[in-house]
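Let me begin by presenting the structure, written as structure tokens, before commenting on it.
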Amino acid sequence: MIKKNILILLFILFFIPSFSQKNSRENDSVKIYHDIHEYAKKGKFSKFVYRLFFRSSQLNHSNNTSSTEAFKNDLITYDGRIIREIHIKTLDPFGFSIDDTTKVPNNKLEKIGNSIHAKTKQFTIKNLLLFKKNDPFDNLVIKESERLIRSQRYVRRVTIHPKEILTSQDSIDIDVIVLDSWSILPNGSLSSDQGKFTLKERNLLGTGHQINGTYKERFTDKNNAKSLSYTINNIKNSYLSFNAIYDNDYDNNSQRAFSLNRNFFSALTKWAGGIYFQNKSQNEFFTISIDSSVINPIKSETQEFWMGRSFKISNKEDYDSRTKRIITSLTYNKKNFLERPSITLDPSSYFSNETNVIMQLGYVSQKYFKDSYIFNYDIIEDVPYGEIFGLNIGYQNKNGTSRLYLGSTMAYGKKFDFGYFSSRIEWGSFFHQGNPYQNTLKFESHYFSPLFRLKRWKIRQFIKPSFVWGNHRDTSQKDVINLEGQNGIQGFTDLLTGTKKWALSLQTQMYSPNSWKGFRFSPYVTISMGSISEKNKNLLHEKVYPKVGIGVLINNDYLVFNSFQVSFSYYSNIPFEGNNIIKTNSFENDDLTLPLFSLSKPYHITYQ
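Take 57 as the starting number for the sequence shown in our numbering and just add one per residue.
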């Protein structure tokens with residue numbers, strides 16, 4: 057019965073878009089709001105109520121359709137001119153528009169919302185720019201600056217425009233206009249056994265700093281878990297980020313970590329590097345027999361340092377040539393165990409001190425195109441594409457033994473007529489005396505379709521298959537993988553383990569037409585499934601675990617607060633938890649994130 061239902065849902069997910077039709081316009085909801093607007097004019101009280109809850113300016117807005125072509129903005133004709141002045145203007149999130157800077161909030165709730173919102177400071181935006189006064193205008197630098205500002209989660213929209221100077225033919229001014237996003241984000245989830253509440257501040261006092269706090273409680277034993285992080289994304293225009301984390305879970309596993317890091321955040325970046333320190337305490341469960349286990353505390357400290365340099369391949373000035381780079385980088389890290397399990401529980405000394413040196417040589421083509429209606433409603437999004445080919449060579453000293461490490465990464469992504477497609481394959485292995493150890497092979501693809509139309513609805517399909525295979529792994533019962541998380545099934549258990557797995561995630565995102573009585577419902581449906589198997593077992597013969605989820609984004613352009621989300625997930629079976637389980641908000645509608653086409657810190661291919 058379950059398999060039959062899955063097949064039906066798969067049919068719906070894949071073939072609904074094929075019945076797409078041309079978009080038609082209906083004005084019923086606009087008429088309703090127009091009538092309300094006209095009625096509100098008849099009295100002072102009705103005017104007050106109307107202004108409190110409605111945006112009359114939205115009555116003149118027609119349906120927005122977006123395409124990649126609409127976002128093209130070729131500024132190459134300005135190349136070489138000297139930038140005289142840079143004018144930065146930031147706008148509060150409610151009632152303002154970057155397309156019409158004369159537009160202002162016109163009701164009380166918009167004004168109240170803006171009054172308690174800390175607008176982004178001008179210096180915060182200035183620190184994100186890759187250009188400064190007296191620099192020659194560079195089309196790619198401008199586009200990359202706009203993309204980097206847009207990537208900040210506290211920015212909703214941004215435009216960077218050159219402005220002609222009538223008295224000078226060789227100079228221009230630059231106007232930067234930024235529309236803020238509401239930066240305080242509460243979130244939560246609830247199931248039969250636990251509750252979770254998260255509060256994020258993505259733009260602390262307008263500085264771009266982020267604070268993220270989470271509290272969870274398990275109802276069965278009243279245990280709680282909490283985490284807190286603080287992030288500075290960009291220290292004084294260096295794109296050096298600082299991150300501090302504290303985390304303590306239900307079983308009193310905890311970590312304290314901080315890092316300073318500068319990635320190859322753009323194809324124009326020459327230098328990258330970082331440092332990382334972590335102190336970690338965890339209570340590991342070791343199985344002694346079928347019905348018996350023991351808990352052993354483990355404490356460790358990790359330190360890591362890395363540096364990288366990129367080099368141009370060509371002196372040509374076209375976009376494709378300038379986004380291709382050769383990457384070289386080097387990592388040194390060391391992990392010491394302050395407390396570890398006895399030899400009885402860990403006979404292979406899996407938890408033991410180790411030192412690693414890893415070198416990387418790679419080629420990247422790091423590009424982006426603009427699109428919309430992907431993870432957000434009618435907001436410009438930068439989609440990464442390009443090519444990666446990287447080789448890692450490393451050395452490890454562990455348990456008094458020196459081992460060679462070899463790894464490789466290949467990735468390719470592009471926008472085709474049939475949609476966006478990217479794929480990535482990674483392989484890595486240690487070698488000692490000519491024998492391979494702890495082999496890891498990973499494969500992952502991402503696809504999203506063009507926008508289809510079903511009458512007046514826009515629809516986009518997402519597909520993400522993945523595969524992880526391990527061979528010659530350590531004999532420790534901890535050198536295993538599970539089926540939970542973004543590399544498997546969100547909300548699943550991490551107690552079911554093995555050495556190889558596959559997973560498939562499907563998501564159909566629907567974007568509503570103009571409105572239904574002013575409300576725009578954007579529902580989405582997800583199906584996830586996967587299998588996991590132990591060593592020497594056939595993965596294809598293992599049980600398939602499905603999950604079905606539904607959710608809806610509710611928008612209303614006439615009301616002050618633009619959107620909120622509700623979602624539910626159904627699991628027919630979760631091992632060690634039960635059957636027919638429903639969880640709320642166990643996924644977000646952007647779980648199917650897209651990979652970046654960049655190389656940064658060298659690393660061992662992660663086995664997860």
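Backbone N, C-alpha and C define an ideal beta-carbon position, used for all residues, glycine too.
From a predicted model like this one, the values you see are computed outputs, not experimental measurements.
Bridge partner(s) assigned by DSSP for residue i
{"i": "GLY49", "result": "Lying before the first or after the last residue shown, residue 49 is absent from the chain, which here runs from 57 to 664."}
{"i": "TYR334", "result": "In the sequence under discussion, the amino acid at residue 334 is Gln, which differs from the Tyr named in the question. DSSP, once it has assigned bridges, lists ALA313 and THR358 as partnering GLN334."}
{"i": "TRP238", "result": "According to DSSP, which records beta bridges pairwise, TRP238 is partnered with nothing at all."}
{"i": "TYR468", "result": "GLU443 and SER479"}
{"i": "SER584", "result": "SER561 and LYS603"}
Residue i burial status per 10 Å Cβ neighbour count (16 or more: buried)
{"i": "PHE518", "result": "buried"}
{"i": "GLY136", "result": "exposed"}
{"i": "TYR375", "result": "exposed"}
{"i": "ILE216", "result": "buried"}
{"i": "TRP327", "result": "exposed"}
{"i": "GLU202", "result": "buried"}
{"i": "TYR476", "result": "buried"}
{"i": "LEU562", "result": "buried"}
{"i": "ASN592", "result": "exposed"}
{"i": "LYS164", "result": "exposed"}
{"i": "GLU482", "result": "buried"}
{"i": "THR133", "result": "exposed"}
{"i": "ASN636", "result": "exposed"}
{"i": "ASP249", "result": "exposed"}
{"i": "VAL350", "result": "exposed"}
{"i": "ASN412", "result": "buried"}
{"i": "ASP427", "result": "buried"}
Same chain, Cβ closer than 7 Å to residue i, five either side skipped, listed in chain order
{"i": "SER310", "result": "ASP303, ASN304 and SER337"}
{"i": "ILE139", "result": "PHE187, LYS189, ASN190, ASP191, PHE193, ILE228 and ILE230"}
{"i": "ARG529", "result": "GLN494, ASP535 and THR555"}
{"i": "LYS292", "result": "ASN183"}
{"i": "THR549", "result": "GLU540, ILE630, PRO631, PHE632 and GLU633"}
{"i": "THR180", "result": "GLY262, THR263 and GLY264"}
Residue i in three-state terms, based on DSSP
{"i": "THR640", "result": "strand"}
{"i": "ASP148", "result": "coil"}
{"i": "ASN389", "result": "strand"}
{"i": "ASN538", "result": "strand"}
{"i": "GLN178", "result": "helix"}
{"i": "ASP231", "result": "strand"}
{"i": "VAL197", "result": "helix"}
{"i": "LEU562", "result": "strand"}
{"i": "HIS502", "result": "strand"}
{"i": "LEU184", "result": "coil"}
{"i": "SER421", "result": "strand"}
{"i": "LYS164", "result": "helix"}
{"i": "LEU652", "result": "coil"}
{"i": "GLU410", "result": "strand"}
{"i": "THR133", "result": "helix"}
{"i": "HIS143", "result": "strand"}
{"i": "ARG480", "result": "strand"}
{"i": "SER171", "result": "helix"}
{"i": "HIS488", "result": "strand"}
{"i": "GLU373", "result": "coil"}
Other residues of its chain near residue i: CB distance less than 6 Å, five sequence neighbours each side excluded
{"i": "PRO242", "result": "LEU255"}
{"i": "LEU147", "result": "LEU235"}
{"i": "GLU360", "result": "TYR332 and ASN389"}
{"i": "ALA559", "result": "SER522, GLY544 and GLY586"}
{"i": "VAL604", "result": "ILE583 and TYR626"}
{"i": "ILE430", "result": "GLU437"}
{"i": "LEU204", "result": "LEU184"}
{"i": "ILE301", "result": "SER285 and ALA313"}
{"i": "VAL105", "result": "With a pLDDT of 47 at VAL105, under the threshold of 50, the modelled position of this residue cannot be trusted; read the value that follows with caution. Answer for VAL105: no residue qualifies."}
Contacting residues, own chain, Cβ-Cβ under 8 Å from residue i (five flanking each side not counted)
{"i": "PRO651", "result": "PRO440, ALA467, GLY469, SER478, ARG480, GLU500 and HIS502"}
{"i": "PRO161", "result": "ASP148, PHE150, GLY151, PHE152, LYS167 and ASN170"}
{"i": "LYS159", "result": "SER113, GLY151, PHE152 and SER153"}
{"i": "SER404", "result": "ASP530, THR531 and SER532"}
{"i": "GLY244", "result": "GLY251, LYS252, PHE253, THR254 and ASN641"}
Top-ranked residue by Cα proximity to residue i, from the options
{"i": "GLN542", "options": "VAL524, VAL622, GLY484 and LYS426", "result": "VAL524"}
{"i": "PHE425", "options": "LYS199, GLU395 and ILE154", "result": "LYS199"}
{"i": "THR157", "options": "THR400, GLN178 and ILE233", "result": "ILE233"}
{"i": "SER458", "options": "SER370, HIS597, PRO602 and GLY490", "result": "GLY490"}
{"i": "ALA174", "options": "PRO506, LYS159 and VAL211", "result": "VAL211"}
{"i": "SER398", "options": "ILE344, ALA281 and ILE414", "result": "ILE344"}
{"i": "LYS282", "options": "THR276, SER294 and GLY269", "result": "GLY269"}
{"i": "ASN290", "options": "PRO579, ASP307 and GLN208", "result": "GLN208"}
{"i": "LYS35", "options": "TYR663, LYS380, GLN225 and ILE346", "result": "Since the first and last residues shown for the chain are 57 and 664, residue 35 lies out of range."}
{"i": "LYS368", "options": "GLN422, PHE342, PRO353 and ASN453", "result": "GLN422"}
Cutoff 9 Å: residue i Cβ touching any chain B Cβ
{"i": "GLU141", "result": "The displayed structure is made up of one protein chain only, and chain B is not part of it."}
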